[in-house]
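Comments concern the structure below.
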């Protein structure tokens, strides 16, 4: 777990690609601070020179040598102002206009550059986080709610972006203004500046204290947003079940409760946030009261000119505004850092499935697959597979049967390395799959599962998913083999028809056939079919099964089977019972044994 300072430095490192823009913005900020100080500081000679009879030199508190150098010139400047008051007013007005135009141009430059930096950081982090998600193993997505993952990618990244915006757009600006104004105060009267600014170190305490509280409470806000996203995602994706069971009111109450908890968490932050400005206002008023009382006394005693006093008060009043903004900026940064902590936590997760640095590229399978004493547990003490050993040659059909929870899906998930065995070895053509590149391993496989996954895109793009430079003719042939051509051709836009999220605009059987066409197009040496034909009607199943028979030639096929026809014609049947391979063999061999398979056949398959 990183400390807040480490997380803050990590956000700063995200700005490394934007050094040149930051440098340009910093130069602009320095010039803006100088122009601010000049515009306020000019009040003294202007006021004294135009409206006072006293020498201005006595109102400046500079080191002796500098005062000796400038004092005479300042007196001459005052004399000139008094002799040419009307023309001087015209000149000063024009000069100030030029100063403010230059200041406006510099503000535009620094705001544009720092906005680019802040938005660029947010874009980069979002892209990096999304890319990192694809490196994580399947186990991560099984354990984490989809809504929480989406919240980290959206809400938390946005919070990090808000922190970087405050940091690079505002936090960089105010220190330069503060430094420039403090320097001006000391130039006017350093003794008065010391007295007036004694309250400044005290103001740091509430800034730090309030920021720390806001950071802690902001973490709960981010968690609350993630919970809302999870509820929203679940109810939208499961809307049919919600309506079918009449659970609308229950879900409304669940959402309202989570929303209320989020509201309370936000208001706890608001209470602290609202305290910041009044506390600093009170502290700032102490400094201003001191300046008015002591400064007024110095004016009465002729130790300070009225112009210097006016310039000092103007600079002091201007100083407390950026100090208050710094406090507000700190609060906003702390809110954003709570989101940044959650983003970095996710970025620092590592996949359980790791490609070795010396991994080899696996060529197209020529011989077969072998499991050698393979065991697997999702977590310690929760063993799902125990000591599984078997071989599957090229072209063989392996049916995997067993009761629900026996480990059938888990076993086939080990082949493409969605998970890695906790014990044992899986080889393809004698090569341990842990020693191969993930891309070359998964290129060997076509997968069709019960839970058909399609994307909100066209039928053409769903069939060609993962393939490049595929012609329409080849896609149409794959659709024909999968018995999908007829219904596709009947659609208004045919292969250019968008099918909605998860293929919601298609029937279950149509979705299955699109998924089968996708597997056919990939032309892999290994097929993993999780009841690929289960959603088809009898006629479609017959046609698709014929196509799959042709597709299975010279390919190794693993079928998680519930259908009698699939089981009987398999070259090898694996019977899983309690995570173990209780039996294996052909249908006649296993029936003759009268064991687990025979009982399973009589209770599960024979009635089909």
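In the working numbering, the protein residues as written are 7 to 614.
Note that CB positions come from ideal geometry on N, CA and C, so glycine has one too.
Residue from the options whose Cα sits closest to the Cα of residue i
i           : options            : result
residue 284 : 14, 212, 313, 428  : 212
residue 579 : 397, 337, 304      : 397
residue 436 : 386, 370, 512      : 370
residue 559 : 493, 572, 533      : 533
residue 289 : 478, 316, 327, 276 : 327
residue 489 : 524, 507, 604      : 524
residue 361 : 444, 205, 302, 387 : 444
residue 616 : 561, 214, 35       : Nothing can be reported for residue 616: it is not among the residues displayed for the chain, which extend from 7 to 614.
residue 422 : 429, 404, 442      : 442
residue 319 : 198, 233, 254      : 198
residue 162 : 596, 216, 561, 232 : 232
residue 405 : 474, 351, 576      : 576
residue 178 : 484, 36, 193       : 36
residue 566 : 446, 145, 415      : 415
residue 29  : 529, 11, 115, 97   : 115
residue 34  : 276, 182, 137      : 182
residue 367 : 241, 434, 304      : 434
residue 376 : 243, 491, 417, 310 : 417
residue 155 : 446, 399, 349, 475 : 349
residue 188 : 113, 138, 136, 39  : 39
residue 144 : 424, 136, 474      : 424
residue 316 : 291, 194, 263, 499 : 194
residue 98  : 45, 595, 138, 135  : 45
Beta-carbon proximity list for residue i, same chain, < 6 Å, skipping 5 on both sides
i           : result
residue 261 : 237
residue 344 : 221, 224, 225, 228
residue 347 : 13
residue 64  : Since pLDDT at residue 64 reaches only 42, below the 50 mark, its modelled position is unreliable, and no value is offered.
residue 265 : none
residue 530 : 450, 451, 452
residue 564 : 404, 418, 534
Beta-carbon contacts of residue i that lie in its chain and below 8 Å, excluding the five residues immediately before and after
i           : result
residue 331 : 176, 180
residue 208 : 289
residue 122 : 24, 27
residue 170 : 17, 20, 21, 123, 124, 127, 128, 342
residue 293 : 202, 203, 204, 205, 206, 322, 326
residue 278 : 216, 219, 220, 223, 337
residue 585 : 389, 390, 391, 392, 412, 413
residue 381 : 389, 391, 392, 393, 394, 427, 428, 429, 430
residue 147 : 155
Those residues which DSSP pairs with residue i across a bridge
i           : result
residue 429 : 381
residue 392 : 586
residue 580 : 406, 590
residue 411 : DSSP, once it has assigned bridges, lists no residue as partnering residue 411.
residue 311 : DSSP lists no partner for residue 311.
residue 437 : 434
residue 565 : 405, 535
Cutoff 7 Å: residue i Cβ touching any chain D Cβ
i           : result
residue 221 : This model lacks chain D altogether, as it is built from one protein chain only.
7 Å CB neighbourhood of residue i in its chain, flanking five on each side removed
i           : result
residue 41  : 105, 108, 109
residue 142 : 355, 357
residue 426 : 358, 359, 440
residue 383 : 389, 390, 428
residue 259 : none
residue 151 : 236
residue 493 : 516
residue 364 : none
CB of residue i within 7 Å of CB of residue j, strictly
i           : j           : result
residue 43  : residue 190 : yes
residue 419 : residue 172 : no
residue 413 : residue 390 : yes
residue 230 : residue 271 : yes
residue 603 : residue 581 : yes
residue 562 : residue 402 : yes
residue 159 : residue 131 : no
residue 536 : residue 590 : no
residue 511 : residue 520 : no
residue 458 : residue 517 : yes
residue 267 : residue 153 : no
residue 3   : residue 501 : Outside the shown range of the chain (7 to 614) lies residue 3, about which nothing can therefore be said.
residue 120 : residue 31  : yes
residue 484 : residue 526 : yes
residue 286 : residue 333 : yes
residue 248 : residue 255 : no
residue 480 : residue 469 : no
Residue i beta carbon near the ligand FAD (any heavy atom closer than 6 Å)
i           : result
residue 180 : Among the components of this structure there are no ligands whatsoever, and the ligand FAD is therefore not found.
Legend entry - beta strand (DSSP E) runs contained entirely in the stretch 450-475, provided each spans 3 or more residues: 451-454
Legend entry - Those runs of the alpha helix (DSSP H) which lie wholly inside the stretch 219-288 and span at least 4 residues: 245-250
Legend entry - In chain order, each alpha helix (DSSP H) run of at least 4 residues that lies wholly inside the stretch 137-176: 144-149, 152-157, 163-171
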